[in-house]
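Presented below is the structure to which this report refers.
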Ligand SMILES: [Zn+2]
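In my numbering, the protein residues as written are 2 to 268.
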């Protein structure tokens, strides 16, 4: 059983996590750029970080037999400051020439402000121009309001290719807002604040696997790099076939991120 982890911030994880993830069957990781805990003050500070995840982190993963891809972008916590976001987005284009960079992310909303929304919109425009997938983060508080704002922005831009849009951290409270749009969706299994394996599998049963993924979103918080293997184990216990499991934890992320044309992995 191969597992594709489509959202993990390995930047802040120990090498022990690569060890455990690779032993649990994770062969491929997609690492989106994110907020580092303090707001950066210059575009160059972002570029040094993008350099780090696209070069150093990829090599660190390789030592454990894990292929590492990245998405590049300004997280909503960073994108609040449009005076920094706009020049930074303009200047980061050369990172998309790197073969391991497969999308724009993570972008989206945090406090649901108009500045964050504009930061998301210009980065979706960039992703669409480059014909690359975009990973859209949804907020932890006022989640339904944030997802409604994201939905309305997508609806207001019918020219966007929705196959290239992934709305992440979806829960029972928000899935109904975005599923009808035909975009991709992802659930995050996280020990606190997000979903348990049980809730994720219940949502999978209710809504079906079409354009649905699961991830751990591991970062520096109380997160679990084995979230997807735990979902796999629960799916087996609940009677899903190996084909069902492979479709969910391998083929779906390969289908979505494979739209970049840059994946070695195939379905
Ligand atoms: Zn994230």
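Glycine included, C-beta positions come from ideal geometry on N, C-alpha and C. No experiment lies behind these values; they were computed from the predicted model shown.
Based on DSSP bridge pairs, tell me the residues matched to residue i.
| i | result |
| --- | --- |
| residue 99 | BP columns for residue 99 are empty, so no partner. |
| residue 167 | 136, 185 |
| residue 1 | Since the first and last residues shown for the chain are 2 and 268, residue 1 lies out of range. |
| residue 196 | 190 |
| residue 5 | 29 |
| residue 105 | 73, 135 |
If I measure Cβ to Cβ from residue i and keep anything under 8 Å in the same chain, skipping five residues before and after, which residues do I get?
| i | result |
| --- | --- |
| residue 62 | 11, 19, 30, 68, 69 |
| residue 66 | 23, 28 |
| residue 268 | 251, 252, 255, 256, 259 |
| residue 47 | 34, 41, 75, 79, 89, 93 |
| residue 58 | 11, 12, 32, 69, 71 |
| residue 127 | 90, 94, 105 |
With a threshold of 16 other CB atoms inside 10 Å of the CB of residue i, please say whether the residue is buried or exposed.
| i | result |
| --- | --- |
| residue 49 | exposed |
| residue 33 | buried |
| residue 185 | buried |
| residue 124 | buried |
| residue 214 | buried |
| residue 71 | buried |
| residue 1 | Outside the shown range of the chain, which is 2 to 268, sits residue 1, and nothing can be said about it. |
| residue 146 | exposed |
| residue 40 | exposed |
| residue 79 | buried |
| residue 130 | exposed |
| residue 212 | buried |
| residue 243 | exposed |
| residue 265 | exposed |
| residue 38 | exposed |
| residue 199 | exposed |
| residue 53 | exposed |
Cutting at 6 Å between CB atoms, please list the residues of its own chain near residue i, excluding the five before and the five after it.
| i | result |
| --- | --- |
| residue 2 | 26 |
| residue 148 | 139, 175, 178 |
| residue 315 | The structure shown does not extend to residue 315, since the chain spans only 2 to 268, so no value can be given for it. |
| residue 230 | 25 |
| residue 170 | 139, 189 |
| residue 263 | 100, 103 |
For residue i, I'd like the list of residues in its chain whose CB is within less than 7 Å of its CB, leaving aside the five on either flank, ordered along the chain.
| i | result |
| --- | --- |
| residue 118 | 110, 150, 154 |
| residue 14 | 219, 226 |
| residue 51 | 34, 73, 93, 96 |
| residue 122 | 154 |
| residue 83 | 116, 119, 120 |
| residue 143 | 113 |
| residue 261 | 103, 104, 133, 134 |
| residue 161 | 125, 129, 155 |
If you scan the region 10-44 from start to end, which runs of the alpha helix (DSSP H) of 4 or more residues do you find wholly inside it?
-> Counting whole runs of 4 or more residues, the region 10-44 contains the alpha helix (DSSP H) stretches 16-24.
Go through the residues and name those whose CB comes closer than 7 Å to any heavy atom of ligand 1, in chain order.
-> 8, 10, 33, 35, 107, 138, 218, 220
Which full runs of the beta strand (DSSP E) of 3+ residues lie inside the region 112-163, going along the chain?
-> 135-138
Could you give the uninterrupted runs of the beta strand (DSSP E) lying entirely in the region 44-95, keeping only those of 3 residues or more?
-> 68-73
Which full runs of the alpha helix (DSSP H) of 4+ residues lie inside the region 225-250, going along the chain?
-> 228-238, 243-247
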